[in-house]
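Accompanying notes for the structure given below.
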Amino acid sequence: MSLTYRGVNYDTGTNYGAGGALSREVWRPDLVRREIEAIRTELHCDSIGIFGTDLDRLGQAATIALEHGLHVWLQPRLVDADPQRILDHLADAAGAAEELRRRHSTVTLNVGCELTIFAAGIIPGDSYQERGARLASPRTWPLMPWYNRRLNSLLARAATVARSSFHGRLTYGAGLWEQVDWRPFDIVGLDYYRVRFNRRRYAANLRRHLRHGKPVVIVEFGCASFAEAVGKGPAAHEVIDWSGDLPRITGGHQRDEQVQAEQLGELIDIYEAAGVDGAFVFEFIEPSHPHSADSRRDLDMAGYGIVKVLPGQEPGTYRWEPKAAFHTVARRYAAGS
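To convert, count from 1 in the sequence shown and add 579; that's the numbering used here.
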């Protein structure tokens with residue numbers, strides 16, 4: 580069964596950095612337009628997951644994507660904020676999303692991503708890194724039912740806030756460890772990464788999500804580009820040491836684009852066999868993780884982009900080239916169109 584929604588994620592700039600620094604420094608509509616055009620015509624996507632912190636950027640990217648005939652899945656992402664700030668941010672995004680939906684109709688609103696980690700106040704910790712580390716500790720596991728109750732309380736409020744102004748379909752990007760009450764949502768949205776511990780049961784566990792009687796969409800899946808990334812899933816970027824003057828790759832890892840390409844191809848096979856409605860590769864491009872011929876400085880290998888970023892001819896610009904995974908995904912998406 581082919582996927583109804585064949586997508587890729589596109590980061591407009593998210594406040595992961597210290598002091599709220601965005602993951603994407605350079606924001607030029609001409610670059611964005613070229614990238615979205617490639618997503619439509621070269622990657623053969625019919626959908627795009629647009630996420631980020633700055634709502635103006637979200638709106639600009641969404642408008643360009645809709646002009647190119649893409650179904651837009653819009654997700655405001657505000658990292659390390661308390662629940663009320665997240666809800667206020669979502670309310671503004673929902674209003675903007677409804678304006679877009681009235682003009683184009685093909686807009687879905689995603690109310691958030693893995694909020695147990697990225698929101699303050701569900702799992703203890705001063706930052707998403709601290710909360711992620713706590714989640715990895717066996718001491719936390721007995722507390723997960725309590726944390727999931729907190730999560731579902733926030734998600735119920737988020738759905739109410741979103742529906743007060745947005746009248747299209749709603750979803751959420753649930754982490755592997757989150758047990759979501761999907762009743763307030765129209766679509767079951769999963770950040771469904773394959774990692775070492777779930778590899779054997781990955782496909783079987785996915786089919787369990789069909790029991791909700793709602794469309795199931797993989798709103799994130801991905802892999803980095805080195806051999807050991809196969810078992811790391813969304814934690815592959817942790818091999819980067821950001822503490823020095825220049826970030827570096829630790830552990831002596833070597834670039835292998837074929838690893839990423841093979842993993843994404845296998846995962847698309849699994850999704851089609853399971854009968855899910857759609858899947859979104861994480862992600863198209865990561866300008867903050869440029870490629871280098873020096874493996875110690877090749878941040879791209881530890882990122883999830885399916886294109887590699889190279890220096891541009893002018894200051895403040897960049898260029899990109901497709902990676903092996905780009906071509907794999909393009910072939911699969913073209914075959915399903």
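Each residue gets a CB set at the ideal place from its N, CA and C atoms; glycine is no exception.
From a predicted model like this one, the values you see are computed outputs, not experimental measurements.
- Counting the other Cβ atoms within 10 Å of the Cβ of Asp-659 gives 16 or more, which makes it buried.
- Arg-607 is the residue among Thr-583, Ser-581 and Arg-607 whose C-alpha sits nearest the C-alpha of Pro-866.
- Of the other Cβ atoms in all chains shown, 16 or more fall within 10 Å of the Cβ of Leu-666; this residue is therefore buried.
- Collapsing the DSSP output to three states places Phe-764 in coil.
- Within its own chain, the residues whose Cβ lies closer than 8 Å to the Cβ of Ala-858, once the five positions on either side in sequence are excluded, are Leu-582, Tyr-584, Arg-585, Gly-586, Val-796, Ile-797, Phe-800, Leu-846, Ile-847 and Tyr-850, listed in chain order.
- If only complete runs of 4 or more residues are kept, the segment 699 to 757 shows the alpha helix (DSSP H) at 707 to 714 and 723 to 742, in order along the chain.
- The straight-line gap separating the alpha-carbon atoms of Ala-909 and Ile-629 is approximately 19 Å.
- Inter-residue distance for Trp-720 and Pro-894 is about 48 Å (C-alpha atoms, whole angstroms).
- Between Leu-688 and Ala-676 the beta-carbon gap is near 5 Å, inside 8 Å, which marks them as a contact.
- Here DSSP, grouped into helix, strand and coil, assigns Thr-591 to coil.
- DSSP places Gly-674 in no beta strand (DSSP E) but in the uninterrupted alpha helix (DSSP H) bounded by 662 to 683.
- A distance below 6 Å between beta-carbons, with the five flanking residues on each side excluded, links Ala-913 to the following residues of its chain, in chain order: His-623.
- Short of 8 Å from the beta carbon of Val-888, and not among the five residues preceding or following it, lie these beta carbons of its own chain, in chain order: Ile-864, Glu-865, Pro-866, His-868, Pro-869, His-870, Asp-879, Tyr-897, Arg-898 and Trp-899.
- For Gln-842, the three-state secondary structure derived from DSSP is helix.
- Each of Arg-775, Gly-854, Arg-603 and Gly-844 was checked against the Cα of Leu-789, and the nearest Cα belongs to Gly-854.
- When secondary structure is reduced to three states using DSSP, Thr-687 falls in the strand class.
- Within the segment 582 to 661, the runs of beta strand (DSSP E) at least 3 residues long that lie entirely inside it are, in chain order, 584 to 590, 626 to 631 and 650 to 655.
- Taking the Cα of Ala-699 as reference, the smallest distance to any Cα among Lys-793, Leu-657, Arg-875 and Arg-680 is reached at Leu-657.
- Taking 3 residues as the minimum length, the beta strand (DSSP E) runs contained wholly in the segment 832 to 904 are 857 to 860, 886 to 890 and 897 to 901, in order along the chain.
- Taking the Cα positions, Pro-724 is about 49 Å away from Gly-891.
- If you look at Phe-800, you'll find it in the beta strand (DSSP E) that goes 795 to 800.
- With a beta-carbon spacing of about 36 Å, Lys-793 and Glu-836 fall beyond the 8 Å limit used to define contacts.
- Tyr-751 is the residue among Tyr-751, Phe-905 and Val-838 whose C-alpha sits nearest the C-alpha of Arg-736.
- Put simply, the backbone Cα of Pro-717 is about 30 Å away from that of Gly-598.
- For Leu-749, the closest of Leu-601, Val-651, Glu-807 and Phe-776 by C-alpha to C-alpha distance is Val-651.
- One Cα belongs to Leu-755, the other to Phe-745, and the distance between them is close to 27 Å.
- One thing to note: Gly-638 has its Cβ no nearer than 7 Å to the Cβ of Asp-590.
- Ranked by Cα distance from Glu-614, the first of Asp-635, Thr-593, Asn-588 and Ala-673 is Asn-588.
- The straight-line gap separating the alpha-carbon atoms of Arg-875 and Asp-824 is approximately 13 Å.
- For Leu-694, the enclosing alpha helix (DSSP H) stretches over residues 694 to 697.
- Sorting Glu-807, Thr-907 and Gln-708 by C-alpha distance to the C-alpha of Gly-844 places Thr-907 at the top.
- Collapsing the DSSP output to three states places Arg-827 in a strand.
- Looking at the backbone, the Cα of Tyr-707 and that of Ala-782 are separated by about 28 Å.
- Going by beta carbons, Leu-649 and Arg-603 fall outside the 7 Å limit.
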